[in-house]
Amino acid sequence: FFDTIGLFRVLTAEQKLLVKTWLDILDLTACEHKLFRTMSRGQQRLALLGRALIKAPPMLVLDEPCQGLDEDQTAAFISIVDSICIEFGTTLIYLSHYVSDLPSVISKYLCLENGRTVSGYP
Numbered sequence: 002f003f004d005t006i007g008l009f010r011v012l013t014a015e016q017k018l019l020v021k022t023w024l025d026i027l028d029l030t031a032c033e034h035k036l037f038r039t040m041s042r043g044q045q046r047l048a049l050l051g052r053a054l055i056k057a058p059p060m061l062v063l064d065e066p067c068q069g070l071d072e073d074q075t076a077a078f079i080s081i082v083d084s085i086c087i088e089f090g091t092t093l094i095y096l097s098h099y100v101s102d103l104p105s106v107i108s109k110y111l112c113l114e115n116g117r118t119v120s121g122y123p
């Protein structure tokens, strides 16, 4: 809510409810009281996604969000991104080196090679 790291403020009851809602959506309820550094890489990515989405932005930009995740974690992350974009109508700009990492909600593509556009589809 406050766009700061390391500065803690007391949340309102409404904000706490919203946090719990997003923890449920992202299947992170077991991590509610964990320190970020003690979470798995997949859980960390989901926590950062939740942090970005908690204020209901109309557009989400994700740059290599699956970097370092295994196949199962990547599939789960992409599925959640797809669901969120569909349910909340969020516009998604998604950067990836791998076509296999692209969520299905993506309808327009820009492929680059050596800094130049090579096609509109992967």
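Residue numbers (the working numbering): 2 to 123.
Glycine included, every Cβ here is placed at the ideal spot set by N, Cα and C.
| Item | Value |
| --- | --- |
| Other residues of its chain near residue 120: CB distance less than 7 angstroms, five sequence neighbours each side excluded | 112 |
| Rounded straight-line distance, which links the Cα of residue 18 to that of residue 114 | 45 angstroms |
| Between the CA atoms of residue 93 and residue 107 - distance to the nearest angstrom | 7 angstroms |
| Under the three-state DSSP convention, the category residue 112 falls into | strand |
| Three-state secondary structure (DSSP) of residue 10 | coil |
| Span of the beta strand (DSSP E) around residue 64 | 60–64 |
| Those residues which DSSP pairs with residue 22 across a bridge | BP columns for residue 22 are empty, so no partner. |
| Beta strand (DSSP E) runs wholly inside the stretch 59–107, at least 3 long, in chain order | 60–64, 92–96 |
| Expected contact under 8 angstroms - CB spacing of residue 29 and residue 48 to nearest Å | 6 angstroms |
| Paired residues, beta bridge with residue 117 - DSSP | 114 |
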